[in-house]
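Notes for the one structure printed next.
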Amino acid sequence: MAKDPKAALSAFKKLTEFVYISDPETDSTNNSNGPPILLAFWMNAGPRPVARYISEYRRMLPSSRIVILFSATKDFLVHYRDAAQDARLPHAVDALRDLATPANPAFIHVFSNGGVFKTAHLLRNSLPVSSMIVDSAPGIATVASGMKAIAFQLPRFWIWRLLSKTVLWMFLLTLEVIRRITRMPRAMDVASRRINDKRLYQAPAKGLARCYIYSDADQIISSDHVEDHIKESESCGIVVRREKFQGADHVMAMKMDSERYWAIVKDYLPLESPSKDLEAV
7 MAKDPKAALS
17 AFKKLTEFVY
27 ISDPETDSTN
37 NSNGPPILLA
47 FWMNAGPRPV
57 ARYISEYRRM
67 LPSSRIVILF
77 SATKDFLVHY
87 RDAAQDARLP
97 HAVDALRDLA
107 TPANPAFIHV
117 FSNGGVFKTA
127 HLLRNSLPVS
137 SMIVDSAPGI
147 ATVASGMKAI
157 AFQLPRFWIW
167 RLLSKTVLWM
177 FLLTLEVIRR
187 ITRMPRAMDV
197 ASRRINDKRL
207 YQAPAKGLAR
217 CYIYSDADQI
227 ISSDHVEDHI
237 KESESCGIVV
247 RREKFQGADH
257 VMAMKMDSER
267 YWAIVKDYLP
277 LESPSKDLEA
287 V
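Below, the structure written as structure tokens:
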């Protein structure tokens, strides 16, 4: 996959390297009155799949602002601390706060650990949220899973690929040893707990609705890890739905069965006027 999303997002407003927004067309009905949408994509997401998701959301909600978050390998290896992420996300927070209100809460769709990681940091600034889709996440970040997630970026020529994998393995292993010695929590463990912290959501009185879309064939995020997080979410009082796609690769459920996928999403989109009966949870 290409690393640079610029080609697919040239029509959208770039706020930072990792934050874009797509506003409604000026002649859209009820311009900017639709629910704001946050799409937090997987690590190093390529331009073509990103564009497909944005296009479908724009079709379904033509009057909504779409805030697009990207994540990169360096977010996990270098800029994983709260202070570093806080410096990278204020534009996204502002873009959502401008329109997200208790009467018009945001809808969030996150993909893989990269999307969970970014969203968890963004939600440190409490926002009105109606519902959330969690696609292919969250998983436990280990050396092995890190290798799988990053390996597709490595050179294809076998000698360079072998050397690159060796260096990457040694680097990730060194980081893991340092983490254990210093007893520093894994960044993804913190993020996974944080998205279950109901203090970060101003949710409807009936509770935050969340749907997990995942697969038994995902080689990067284990379905067992997702189901463990589902149980934790339920214990926190979040209203949870499970949608397991048999045989789908990582973040490929939409490609495998787009009709089923978007039917699920529509169930969670606030397509009608949302209730004003919201409260902090």
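Residue numbering for the sequence shown follows our numbering, starting at 7 and increasing by one per position.
The beta-carbon is built from N, C-alpha and C at its ideal position, and this holds for glycine as well.
request  = Just tell me which of V271, R192 and D222 has its CA closest to the CA of R247.
outcome  = V271
message = Which of the three DSSP states is assigned to N36 in this structure?
response = Any answer about N36 is weak, because its pLDDT of 49 lies below 50 and its placement is not dependable; what the coordinates show is given next. If DSSP states are grouped into helix, strand and coil, N36 belongs with coil.
key: Three-state class that DSSP yields for Y26 in the structure shown   = strand
Segment limits, alpha helix (DSSP H) that includes A89 = D88 to R94
request  = Classify M190 as helix, strand or coil using the three-state DSSP reduction.
outcome  = coil
query = So S264 is in the alpha helix (DSSP H); what residue range does that whole segment cover?
reply = S264 to Y274
query = Three or more C-beta pairs closer than 8 Å, one from the stretch 49-57 and one from the stretch 74-85: is that the case here?
reply = yes
Per DSSP, the bridge partner or partners of M138 = I114 and R216
message = Quick check on the burial criterion: 16 or more other C-beta atoms within 10 angstroms. Buried or exposed for G243?
response = exposed
query = Thinking C-alpha only, which one of I187, T188, K20 and V183 is nearest A101?
reply = K20
message = Can you look up I201 in the DSSP assignment and give me helix, strand or coil?
response = coil
request  = Determine the contact status of A143 and Y220, defining contact as a CB-CB distance below 9 Å.
outcome  = yes
Proximity to K204 [Cα-Cα], best of R216, A193 and K154 = R216
ask   = Looking at the structure shown, is A45 part of a helix, part of a strand, or coil, going by DSSP?
value = The sequence shown places Leu at residue 45, not Ala. Correct three-state label for L45: strand.
inquiry  = With the cut-off set at 9 Å, would you say I201 and V257 are in Cβ contact?
reply    = no
task = Leaving aside the five residues before and after K212 along the sequence, list all residues of the same chain whose C-beta is less than 8 Å from its C-beta, in chain order.
result = V245
request  = Provide the residue(s) that pair with T107 in DSSP beta bridges, ordered along the chain.
outcome  = N110
key: Option nearest W268 by Cα separation, candidates D255, G121 and E249   = E249
ask   = Smallest Cα separation from L174: which of P96, P210, P191 and K154?
value = K154
query = Taking P111 as the reference, which of Q208, M260, Y63 and Y218 has the closest Cα?
reply = Q208
ask   = Just how far apart, CA to CA, sit S28 and I60?
value = 9 Å
With 16 other Cβ atoms within 10 Å as the buried cut-off, status of R189 = exposed
query = So V232 packs on Y218, CB below 8 Å; how close in whole Å?
reply = 6 Å
query = Would DSSP call A17 helix, strand or coil?
reply = coil
key: Cα-Cα separation between Y274 and S136, rounded to whole angstroms   = 8 Å
message = Could you check if S221 belongs to the surroundings of the ligand FMN, using beta carbon to heavy atom distance under 8 Å?
response = Of ligands this structure carries none, so the ligand FMN is not represented either.
key: C-beta atoms of L178 and R167 nearer than 9 Å   = no
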